[in-house]
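Structure, as structure tokens:
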């Protein structure tokens, strides 16, 4: 059994959106529907500035608020910790979308909910998710947190600073942000989503 | 309103369901899952039979090696592959999103001939066969040749295939008026400066030894917003490794956000900063004396020359404190030779000052002793693959290229010199200098234009002049994939197949490990489109130039060329890339007793005797740039990570990421002008030319004396339904350029704009909506 997780090194990320485009093409997302997006935020005043480029997607929480609210039982967590859903059983009720505090689920225009599944089809083949493979800054690592020698475990261990989004919620995210550029960590969710 | 209420009811029901039953109970009632009342998704492409085809990307011109994954006769996904030294298994957003261009319903689909009696720009066309379209072109070209000479047909070309249209075909036909925008509208100053300093070019893959450097200074170099793949990878890896970064830019660019020092320099003053750094390195004895002694000529002249260029002198010009200038120079020296100021690509900023700036930039690197040394600039040459044998072309055009050394017209050539000859010192043709002769007929008339992939209205400054020039032509042919605005002015429009649908010539890359990449078609050409090489050959045959095209097709051509290096088309089909060993460092050359410097002296020419002999400055000087009129801001421009020039703006996948550009304005200036965030404004330049509407980005990330836009937006092309009317075009506001008398580059940063309130909100529909509407028949 694994505990899959992803880490994004914000020192390297430039917010180019290669991850987002790769995700959409790999997973055949229609234009306008996204499983992965970039939040760019500027803080400070000229010339003392910090810009944070932050890719966001499903955090694959330990305690996902989206799963228990599902009325059809289509939302579930795999043994490896991937928060997933069976779209054949999804009625598009949006309860999970409302429940997710990170806005990480979207309605597919065909009437079912879609979200990041860590490219489980690739992971099953021993490959990295599409976003990780393509990232031209190599800022993403993916792997098994149970394995201390996995790339993601090493990246988290070696980081100067490790953050998760809104830790106070107790959701237990498995998407880690490393080396946030601002001294106080991740900036609030006020940036522009693109 | 009705829709909103429905949404509300749907959500309420769901909540009730969740509260009363819970997911477990629901699962008991429907053990096989709740029946999805909507369309259940079909199986995914990756669960079916997928074949893999090697190619190289064409969504910018970095030429990353790619694998195209084909399923059900369609390209489903594109990825890099590890064995290719460009992609190294990764791709930028443009490479990932490129498929959408091939399947764009707005593509040019078959040859078109302008309806007789209509004006250029009216957009009235009739469909034609390839045979008829090419006959039409050949007849007109031969008529122009008979009346004015073959030189009176000009050729502009950009992209894979530009060798056919800016070199081979004009060379066979006999016109020196062949030009690439990638030279005089982009790299010319850095190439001329490099050729005359080192006797070597820079090449399309900037040879920075990122993997070995410890200290990086970027000047107006937008890595991150510029997503040239390998460069971005190595830049990010260097940062992760702990290399220090300094960014010099009037704007807090993405790269600046990664820097330990951001120097918000006054635009147009970079050469003063560089000269001051040279001053400090020499005065404080921080330069690499052994390197200078061994490899250079003219150091004493430089020492005398920079004596007056103190940091205090530079502070008054650049607005960067003298202490900071000194500190950075010392830090560079402390890390040398593993400290580098990388050369950037788009070097045409201010005209004459550009070659000076690039020369000063190289000279700082030389003083750091990093050229040909680990952590600085490595040395590279393109791999050699023999040409397909053909009779010698009557003429060798000097179109140059990204890093291509341009050749001069041979002395006893029976052809006239190119129309721009004598306007500047360099030998590579300047695309923008070929426009005026179309209007004036001086020094001789240009009466025909073959335009391959060059966006005449989004690449060449002075758009109105270009439109006027097109009106004087007897023949204007556009070869393109998309119905760009300038394409819809042509007499004949030839639709090119996209890169996923065609073979192309080999890509030979000068790199630390030189390599050869091939392009194989992933799918058959859609519609009645043809590859550029096919178009050039068929046109050549109709012009009576068949002897210069002695191959039947690209497979034969490629196989023959590959056989010269012991490979073959079949081997390449399975392999994609052949990697060679390079000689990246001076020590590698010295071990072979060879000298990499191709200057007449065989040394790095700090002082350029050849410049001086031509009446130019032998050493670089700072030339002050004019300030704009009152209440005007200098217009700066740059790149978006998801777009390439003006080529990608009808791609819905990429436009969904960045669908319109904004004009960046300093927050205090916005207060003063009473402009709110994302308010639409008009931009009006110093000549009263108006562009927009465009949104204001009120930001702390730019100096108050300039504004910034991403280049390439503001298409005025109704047939490009995604791109049309979104954002504003910087090129349309460039009604002025400064010609560099050395390189022929056209500097466009001396244009200035005002922001005018009261522009209407264009209320663009979401990209997704336009993309969906496009799927229905037009």
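Protein chains in written order, with the numbering used here: chain A, 260 to 453; chain B, 800 to 1577.
Backbone N, C-alpha and C fix where the C-beta goes; we use that ideal spot for every residue, glycine too.
- The three-state reading of DSSP puts residue 1541(B) in coil, since its state is none of H, G, I, E or B.
- The residues 1097, 1100, 1406, 1407, 1408, 1410 and 1411, in chain order, have a CB closer than 8 angstroms to that of residue 1417(B) in the same chain once the five nearest residues on each side in sequence are set aside.
- Per DSSP, reduced to three states, the secondary structure at residue 357(A) is helical.
- DSSP, read as helix, strand or coil, puts residue 1378(B) in strand.
- The beta-bridge partner set that DSSP reports for residue 1481(B) consists of 1555(B).
- Per the Cβ contact rule, the segment 1217–1236 of chain B is in contact with the segment 1539–1551 of chain B (3 or more Cβ pairs under 8 angstroms).
- Interface criterion met: the Cβ of residue 283(A) is under 9 angstroms from a Cβ in chain B.
- Listed in chain order, the positions of the segment 388–400 of chain A with a beta carbon within less than 9 angstroms of a beta carbon of chain B are 389, 392, 393, 394, 395, 396, 397 and 398.
- Secondary structure at residue 1107(B): coil, using DSSP grouped into helix, strand and coil.
- Following the DSSP letters along the chain, one finds residue 303(A) in no alpha helix (DSSP H) but inside the beta strand (DSSP E) bounded by residues 295–304.
- Unbroken alpha helix (DSSP H) stretches of 4 residues or longer found wholly inside the segment 877–928 of chain B: 892–896 and 898–901, given in chain order.
- Taking a Cβ-Cβ threshold of 8 angstroms, the residues of chain B close to residue 279(A) are 892 and 1456, in chain order.
- Residue 336(A) is not a Cβ neighbour of residue 354(A), given a cutoff of 9 angstroms.
- Under DSSP, residue 1508(B) forms a beta bridge with 1436(B).
- Here the segment 1234–1249 of chain B does not lie against the segment 882–893 of chain B, with fewer than 3 beta-carbon pairs under 8 angstroms apart.
- Look at the beta carbons and you see the segment 864–877 of chain B not touching the segment 1424–1436 of chain B: under three pairs across the two are nearer than 8 angstroms.
- As the crow flies, the alpha-carbon of residue 967(B) is around 11 angstroms from that of residue 956(B).
- Among the CB atoms of chain B, one or more fall inside 9 angstroms of the CB of residue 271(A).
- Annotation note: the segment 1393–1446 of chain B contains the following uninterrupted beta strand (DSSP E) runs of length 3 or greater, listed N- to C-terminal: 1432–1437.
- By the criterion of a C-beta distance shorter than 6 angstroms, residue 1341(B) is surrounded in its chain by 933 and 937, once the five residues flanking it on both sides are discounted.
- Shown here, residue 1028(B) sits in a helix according to DSSP, grouped into three states.
- If you check the CB distance, residue 1027(B) and residue 276(A) do not come in under 9 angstroms.
- Shown here, residue 1223(B) sits in coil according to DSSP, grouped into three states, outside any helix or strand.
- In its chain, beyond the 5 residues on either side, 1046 and 1054 have a beta carbon closer than 6 angstroms to the beta carbon of residue 1017(B).
- DSSP links residue 1176(B) through a beta bridge to 1007(B) and 1170(B).
- Per the coordinates, the alpha-carbon of residue 867(B) lies some 12 angstroms from the alpha-carbon of residue 901(B).
- Taking the beta carbon of residue 289(A) as reference, the chain B residues within 9 angstroms of it are 1567, 1570 and 1571, listed in sequence order.
- Per DSSP, the unbroken beta strand (DSSP E) holding residue 313(A) starts and ends at 307–316.
- Beta-bridge partners of residue 1489(B) (DSSP): 1483(B).
- Between the alpha carbons of residue 430(A) and residue 317(A) lies a distance of about 12 angstroms.
- Below the 9 angstroms Cβ cutoff, chain A contributes 281, 284, 285 and 389 as neighbours of residue 876(B), in chain order.
- Nearest CB-CB separation between residue 844(B) and chain A: below the 9 angstroms threshold.
- Per DSSP, reduced to three states, the secondary structure at residue 1034(B) is helical.
- 9 angstroms or more divides the Cβ of residue 1567(B) from the Cβ of residue 273(A).
- The beta carbon of residue 1241(B) sits no closer than 9 angstroms to any beta carbon of chain A.
- Closest by C-alpha distance to residue 1102(B), out of 1148(B), 1134(B) and 1162(B), is 1162(B).
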